[in-house]
Amino acid sequence: MAKEIITEDVKKIRQEKARDIGQRSYEFLRHNVDECMKAGVLPKTNPDAAALSLWAHVHGIASLIIRGRCIMFPEEHMDSIIKGALDFSMKNVLGNMT
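See below:
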């Protein structure tokens, strides 16, 4: 019983730390997105929506790579494919500013 309580406490602490790290990471991203909007680098929109979109895009790519879902791409081309995917998204976002 004591081991279960300790294990649950450790899990709770880890979850809280992970949540805190995630929150700080998101706030950092959102702040930078907001600053880019103010500077005219990104189109003005809801900064939370823009930050979530960018975060989801990057995490989606990372998840695909981690889970081995990119095996159709030769390893030696992955860097340029990832850069191309990110460039594609940013060009479409920035292209909407004109």
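Each residue of the sequence shown is one higher than the last, beginning at 60 in our numbering. The beta carbon of each residue, even a glycine, is placed where N, CA and C say it ideally should be.
Here's the rule: buried if 16 or more other CB atoms are within 10 angstroms of the residue's CB, otherwise exposed. What is V100? Walking along the sequence shown from the start, residue 100 turns up at place 41. V100 should be labelled exposed.
Contacts around P133, its chain only, beta-carbon distance under 6 angstroms, and the 5 residues preceding and following it disregarded: To locate residue 133, count along the sequence shown from 1; it is residue 74. If we look at P133 and ignore the five residues flanking it on each side, it has no Cβ neighbours.
Between the alpha carbons of E75 and D107, how many angstroms are there, rounded? Counted from its first residue, the sequence shown places residue 75 at position 16. Counted from its first residue, the sequence shown places residue 107 at position 48. C-alpha separation (whole angstroms): 22 angstroms.
Taking the alpha-carbon of D146 as reference, which of K97, H90, H116 and E86 has the nearest alpha-carbon? The residue you call residue 146 lines up with position 87 of the sequence shown. In this structure, H116 is the residue among K97, H90, H116 and E86 with its C-alpha nearest to the C-alpha of D146.
Got a sec? Which residues, its chain only, sit under 7 angstroms from S148 by beta carbon, not counting five neighbours each side? Indexing the sequence shown from 1 puts residue 148 at position 89. For S148, the CB contacts under 7 angstroms within the same chain, skipping 5 residues up- and downstream, are H116 in chain order.
Starting from the C-beta of G143, find all residues in its chain whose C-beta is less than 7 angstroms away, skip the five residues before and the five after it, and write them out in chain order. Locating residue 143 in the sequence shown gives position 84, counting from the first residue. Sequence-distant partners of G143 (beyond 5 residues in either direction) whose C-beta falls short of 7 angstroms from its own C-beta are missing from its chain.
Environment of A23 [buried if 16+ CB atoms lie within 10 Å]: Given a span of 60 to 157 for the chain in the structure shown, any question on residue 23 remains unanswerable.
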